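Asker:
In the working numbering, the protein residues as written are 1 to 147.
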């Protein structure tokens, strides 16, 4: 009888722990159309909780990566990202100065892109235009670079 009680208790603990685990996904980000392979790609992934920092506050992004560009593209997978709402922005840091270089009007000199290929009018894209949902175990998004 003690064995049966212990067995049921162990099964209960395992089922309780598995129900409390947060659902996660693998998010594959494919960024296409870099004008060249010089510099690095800065990828920023913003969650709904930090959407006010989108798109230009790289340090406040939920996930951030600086990656090499090969064959005018970058492909990167984030594993175990929790289900939820996100938006992605990519900056081609061609001179690797960790800044979005602009001309005197504030227009970026370096290429950029956002999820949903969102584009801003007279400014950067809005979070609302770039947002997407992660709600399955594997998701691939494609971003085409502007400029």
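Note that beta-carbon positions come from the ideal geometry of N, C-alpha and C, so glycine has one too. Just so it is clear, the structure is predicted and the values come from calculations on it, not from any experiment.
For residue 103, I'd like the list of residues in its chain whose CB is within less than 7 Å of its CB, leaving aside the five on either flank, ordered along the chain.
Answerer: Here the set comprises 109.
Asker: So what's residue 117 in DSSP terms, helix, strand or just coil?
Answerer: DSSP places residue 117 in helix when its eight states are reduced to three.
Asker: Can you find the residues in the same chain that come closer than 6 Å, C-beta to C-beta, to residue 137, ignoring five residues on each side of it along the sequence?
Answerer: Within the same chain, residue 137 has close Cβ partners 25.
Asker: Quick one: what's got a C-beta closer than 8 Å to residue 97's C-beta in the same chain, skipping five residues either side?
Answerer: For residue 97, where only same-chain residues beyond five positions count, there are no Cβ hits under 8 Å.
Asker: Could you pull the start and end residues of the beta strand (DSSP E) that residue 93 belongs to?
Answerer: 84-93 is the span of the beta strand (DSSP E), which, as asked, contains residue 93.
Asker: Starting from residue 58, trace the beta strand (DSSP E) both ways and give me its first and last residue.
Answerer: Here residue 58 belongs to no beta strand (DSSP E), and DSSP marks it neither H nor E.
Asker: Exposed or buried, residue 125, counting other C-beta atoms within 10 Å across all chains shown (16 or more means buried)?
Answerer: Residue 125 should be labelled buried.
Asker: Is residue 81 near residue 134, with beta carbons less than 8 Å apart?
Answerer: Going by C-beta atoms, residue 81 is nearer than 8 Å to residue 134.
Asker: Rounded to a whole number of angstroms, what is the C-alpha to C-alpha distance between residue 23 and residue 33?
Answerer: Going from the Cα of residue 23 to the Cα of residue 33 covers about 32 Å.
Asker: Counting Cβ pairs closer than 8 Å, one from the stretch 78-95 and one from the stretch 34-48, do we hit at least three?
Answerer: Counting Cβ pairs under 8 Å, three or more are found: they touch.
Asker: What does a CB cutoff of less than 8 Å around residue 48 pick up in its chain, not counting 5 residues either side in sequence?
Answerer: Hits under 8 Å: 84, 85, 86, 131.
Asker: Given a cut-off of 8 Å on the beta-carbon distance, is the pair residue 145 and residue 88 in contact?
Answerer: Taking 8 Å as the Cβ cut-off, residue 145 and residue 88 do not qualify as a contacting pair.
Asker: Apply the 10 Å Cβ neighbour rule to residue 16 and answer buried if 16 or more other Cβ atoms are within range, or exposed otherwise.
Answerer: Low local confidence applies: a pLDDT of 47 at residue 16 is under 50, so the model's placement there is unreliable, with the coordinate-based value given in what follows. Exposed is the call here.
Asker: Within the same chain, show all residues whose beta-carbon is closer than 7 Å to that of residue 116, passing over the 5 residues directly before and after it, in chain order.
Answerer: Excluding residues within five positions, the ones whose Cβ falls inside 7 Å are 129, 130, 132.
Asker: Which class does residue 50 belong to by DSSP, given the choice of helix, strand or coil?
Answerer: The answer is helix: DSSP assigns residue 50 an H, G or I state.
Asker: Rounding to the nearest angstrom, what Cα-Cα distance links residue 52 and residue 78 in this structure?
Answerer: Between residue 52 and residue 78, the C-alpha separation is close to 22 Å.
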